[in-house]
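J.:
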Amino acid sequence: MGRVTPRGMLTAPLLAAALALGGAGILFAGPAAAQGGSGAEQGTPESFGFGRAATAEEIAAWDIDIMPDGTGLPEGEGTAASGAPIYARQCAVCHGQSGEGGVADRLVGYTPETTPPFGPRYEEWRGDGPDVPYSIGNYWPYATTLFDYIRRAMPSNAPGTLEADQVYGLVAWILAENGLIGADDAMNATTLPAVEMPARDIFVPQER
Amino acid sequence: MPRKVTRRDILAGAAGAIGAATLAPAGQRVHAQDTTKSPGGPASAIGARSPHEPLARGRVTGLSSRTPLQDLHGMITPSDLHFERHHGGVPEIDPDDYRLLIHGMVERPIVLTLAELKRFPATSRICFLECSGNYPTGAGPETKPELVCGMTSTTEWTGVSLATLFREIGASSDATWFLAEGQDAAVMTRSVPMEKAWDDAMIAYAQNGEALRPSQGYPARLLLPGWEGNSNVKWLRRIELADQPFMTREETSKYTDPLADGTARQFSFVFDARSIITSPAYPDVVEPGWIELRGVAWSGRGTIAKVDVSTDGGRTWQEARLQGPVLKQAHTRFRHLWRWDGSETEIMSRATDDSGYVQPTRAALRAVRGRRARRYHLNPITAWRIQPNGQVYYREEPPWDA
Chain A
593 MGRVTPRGML
603 TAPLLAAALA
613 LGGAGILFAG
623 PAAAQGGSGA
633 EQGTPESFGF
643 GRAATAEEIA
653 AWDIDIMPDG
663 TGLPEGEGTA
673 ASGAPIYARQ
683 CAVCHGQSGE
693 GGVADRLVGY
703 TPETTPPFGP
713 RYEEWRGDGP
723 DVPYSIGNYW
733 PYATTLFDYI
743 RRAMPSNAPG
753 TLEADQVYGL
763 VAWILAENGL
773 IGADDAMNAT
783 TLPAVEMPAR
793 DIFVPQER
Chain B
243 MPRKVTRRDI
253 LAGAAGAIGA
263 ATLAPAGQRV
273 HAQDTTKSPG
283 GPASAIGARS
293 PHEPLARGRV
303 TGLSSRTPLQ
313 DLHGMITPSD
323 LHFERHHGGV
333 PEIDPDDYRL
343 LIHGMVERPI
353 VLTLAELKRF
363 PATSRICFLE
373 CSGNYPTGAG
383 PETKPELVCG
393 MTSTTEWTGV
403 SLATLFREIG
413 ASSDATWFLA
423 EGQDAAVMTR
433 SVPMEKAWDD
443 AMIAYAQNGE
453 ALRPSQGYPA
463 RLLLPGWEGN
473 SNVKWLRRIE
483 LADQPFMTRE
493 ETSKYTDPLA
503 DGTARQFSFV
513 FDARSIITSP
523 AYPDVVEPGW
533 IELRGVAWSG
543 RGTIAKVDVS
553 TDGGRTWQEA
563 RLQGPVLKQA
573 HTRFRHLWRW
583 DGSETEIMSR
593 ATDDSGYVQP
603 TRAALRAVRG
613 RRARRYHLNP
623 ITAWRIQPNG
633 QVYYREEPPW
643 DA
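Below, the structure written as structure tokens:
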């Protein structure tokens, strides 16, 4: 990359880099009186050199997110049968014995006719009947999110304590109770991203 | 209403407090208490509020608390009255133990201490922060402004621009999203478009001139001006750059907006314009005569361009005066002088921002959101009903699913 001259003019390579980052305004924040700014006004060096390089081990220890394509899923496996006793012991107190909800969210509640649980099609189906509650079965677009969220944040009184096999088991139990996988289907790094969630296509990026 | 103070009153008052006012010329006394005849209290390390002004956040639950909008006067929210919304409690973080990891689609993954973070060029700005779910459902007439929309606050935030950090570590031009992760017990995660990083996102370590309050993410949080509160991840410990969103729970099953047409809006980051009259409001009781209507307006889209006020239930509107400075994505105070004739009426405000967006009525919002709307990103016009006896009430709205 280029350098900043004493007169504050950018040399061509840095200017090109600045434009690539979304416009030269990023490097040259406006007048000093303006709010905000990038903190990278003229005279900014190419690198400050603060901090240290992250090691692969450090990254692996903290990088726990799961992408929709399954990237990040660990080894291990679980079924509804292996998840059921864990659910009863650690989850049912807040989410209900059958996932019907309690002090915490409802987890189960999928009926194919009511997907999605809102909109014109839903209104027509519902008639004068009671509303169908939002649940994992009718409003969660990705099965991978279940693994990510349960592993990082559940159970809420002891988050981050479940082993991979236990999380896979809980995910399998929830998906089976929602009728989205078979009672004997095993969930693992290969099968979980392939589960088709009914709400997958109802979400659209913000337009208003 | 205070009546006119007469010389007779003053003399009578002085006579009643004669023991404390032996040195005061009786005819000049207007206070019951004379503070001028002995030294006051000493200087102190911390400036406490007057015991006569017991400010506090409203409706404090384990998960949230609200800024008492009706009790404040300026655009800045005192730090200890900033609203809260937590998902896994407030962690106690030792600043010496704090580490920020930035990795993913970057040339040089980096670990920063808090001290190293503070060495980068600083940036500062004033902006509001609002909870994504800042709307009451089922609120009755006895509802204060803080319960209508007290989960919004305005702060001067100081920290490091994300653009500075991303330039430092060589962010890939192929990266389109980044994940922000907190170190609370929820290990909160949200995906954010890279455009916001290059625009005005920052990692804030200071709030109104001092270190962040623990409930606001001490020692460092993500700040995305104008964007929904949940995406401004507190207690920030990790940022990962990628070429797609991560589809976390909070951006899929939560914080998304089901619509009447059967689709659901996702990544509804930007707050639309909103306003509310904070005085008079419930539980105020007013008297006929001149009243200065006061309120606050804000928009995540930009700067408040004008606020219109109606004192006749929405039939006619007058433009209110804005109190400067009027800053982009910041609470803006408005005022409007009005002479109340004592008859029953409704007062309300309507904000317009510099993008041309006009704050909608509840009916207009509901037409788009549908009867199964969730409590996110709602910004309808709020009305107060004034009875002939002067009592001000929140104008109830019918339930969304009615």
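Residue numbers (the working numbering), protein chains in the order written: chain A, 593 to 800; chain B, 243 to 644.
In this text, a Cβ means the ideal position worked out from N, Cα and C, and glycines have one as well.
Cβ atoms of A:M779 and A:Y760: under 7 Å apart, would you say?
T.: Cβ atoms of A:Y760 and A:M779: closer than 7 Å.
J.: When the Cα atoms are used, what is the spatial distance from B:A606 to B:G612?
T.: Rounded to whole angstroms, B:A606 to B:G612 spans 10 Å at the Cα level.
J.: Put A:F640 into one of helix, strand or coil per three-state DSSP.
T.: The answer is coil: DSSP assigns A:F640 none of H, G, I, E or B.
J.: Quick check: B:Y599 and B:D514, are their CB atoms within less than 7 Å of each other?
T.: Contact: yes.
J.: Run the CB neighbour count on B:G584, radius 10 Å, all protein chains shown included, and call it buried at 16 or more, exposed below.
T.: When all chains shown are included, B:G584 counts as exposed.
J.: Could you name the residues of chain B that A:V796 contacts, counting a contact when the two beta carbons are closer than 8 Å?
T.: What A:V796 touches in chain B: T505, A506, R507, Q508.
J.: Counting only beta-carbon separations shorter than 7 Å, does B:F420 have a partner in chain A?
T.: By this cut-off, B:F420 is not an interface position.
J.: On the CB-based measure, 16 or more other CB atoms within 10 Å of its CB, does B:L651 come out buried or exposed?
T.: Here chain B comprises residues numbered 243 to 644, so residue 651 of chain B is not present and cannot be evaluated.
J.: One question on the structure: do B:A484 and B:G346 come within less than 7 Å of each other, judged by their Cβ atoms?
T.: In this structure, B:G346 lies closer than 7 Å to B:A484 by Cβ.
J.: Can you give the Cα-Cα distance for B:W477 and B:R361, rounded to whole angstroms?
T.: Each residue's alpha carbon lies about 19 Å from the other.
J.: For B:I411, count neighbouring Cβ atoms within 10 angstroms of its own Cβ and tell me buried if that reaches 16, exposed if not.
T.: Burial call: buried.
J.: With a 10 Å radius around its C-beta and 16 neighbouring C-beta atoms as the bar for buried, classify B:H619 as buried or exposed.
T.: So B:H619 ends up on the buried side.
J.: How about B:M489 and A:T737: do their beta carbons lie closer than 7 Å?
T.: Yes.
J.: Taking only three categories from DSSP, how would you classify A:Y731?
T.: A:Y731: helix per DSSP, three-state reduction.
J.: For A:V796 and B:I533, what's the separation of their Cα atoms in angstroms?
T.: Taking the straight line joining both Cα atoms gives about 46 Å.
J.: At least one CB of chain B closer than 7 Å to the CB of A:M789: is that the case?
T.: No, A:M789 lies away from the interface with chain B (no Cβ there is under 7 Å from its Cβ).
J.: Using the Cβ count rule (16 or more neighbours within 10 Å means buried), how would you classify B:A609?
T.: Exposed.
J.: Could you name the residues of the same chain whose beta carbon sits closer than 6 Å to that of B:E470, not counting the 5 residues immediately before and after it, in chain order?
T.: Cβ neighbours of B:E470 beyond the five flanking positions: S374, F511.
J.: Spatial neighbours of B:T319 within its chain, please: CB distance less than 7 Å, with the 5 preceding and 5 following residues excluded, ordered by chain position.
T.: Hits under 7 Å: T309, S395, T396, T397.
J.: Interface residues of chain A around B:M489 at Cβ under 8 Å?
T.: Within 8 Å Cβ-Cβ: M659, P660, P733, Y734, T736, T737.
J.: Does the CB of B:E349 have a neighbour CB from chain A at under 7 Å?
T.: Answer no: the Cβ-Cβ gap between B:E349 and chain A never drops below 7 Å.
J.: The beta strand (DSSP E) with A:P797 in it runs from where to where?
T.: A:P797 -> beta strand (DSSP E) spans 795-797.
J.: Quick one: what's got a C-beta closer than 7 Å to B:P337's C-beta in the same chain, skipping five residues either side?
T.: Answer for B:P337: L356, P461, listed in chain order.
J.: Below 9 Å on C-beta distance, what does A:Y679 contact in chain C?
T.: The chain labelled as chain C is not found among the protein chains of the depicted structure, namely A and B.
J.: Whole angstroms are fine: how far does the CA of B:G382 sit from the CA of B:P640?
T.: Roughly 10 Å separates the two Cα atoms.
J.: So that I know if they touch, is there some Cβ in chain B lying closer than 7 Å to that of A:P623?
T.: Low confidence applies to A:P623: its pLDDT is 44, below 50, so where it sits in the model is not reliable, and the reading given next is rough at best. Chain B contact via Cβ: absent.
J.: Helix, strand or coil: which one does DSSP assign to B:S585?
T.: B:S585: coil per DSSP, three-state reduction.
J.: My assumption, with CB atoms under 8 Å, is that A:G694 sits in contact with A:A756. Please give the rounded CB distance.
T.: At roughly 26 Å, the Cβ-Cβ gap does not stay under 8 Å, so A:G694 and A:A756 are not in contact.
J.: Which residue or residues does DSSP assign as beta-bridge partners of B:M444?
T.: BP columns for B:M444 point to B:S403, B:L465.
J.: If you measure beta-carbon to beta-carbon, which residues of the stretch 469-501 of chain B are closer than 8 Å to chain A?
T.: Per Cβ criterion, the list reads R479, R480, E482, A484, Q486, F488, M489, T490, R491, T494, S495, T498, P500, L501.
J.: Note the first and the last residue of the continuous alpha helix (DSSP H) segment covering B:V390.
T.: 387-391 is the extent of the alpha helix (DSSP H) around B:V390.
J.: Report all residues from its chain with a CB closer than 8 Å to the CB of A:A680; omit the five preceding and five following residues, and keep chain order.
T.: Result list for A:A680: Q689, in chain order.
J.: Can you tell me where the beta strand (DSSP E) holding B:A625 begins and where it ends?
T.: Looking at the DSSP string, the run of the beta strand (DSSP E) that includes B:A625 is 625-628.
J.: Can you list, in chain order, the residues of its chain whose CB lies under 7 Å from that of B:L359, leaving out five sequence neighbours each side?
T.: Closer than 7 Å at the Cβ level, and outside the excluded window around B:L359, lie L342, V402, I445, Y447, A462.
J.: Based on DSSP bridge pairs, tell me the residues matched to B:H578.
T.: B:H578 is bridged to B:L535.
J.: Throw me the rounded Cβ distance for the B:D617 and B:T303 pair, which I believe falls under 8 Å.
T.: Checking the sequence, you will find Arg at residue 617 of chain B rather than Asp. No, B:R617 and B:T303 are not in contact; Cβ-Cβ is about 15 Å, not under 8 Å.
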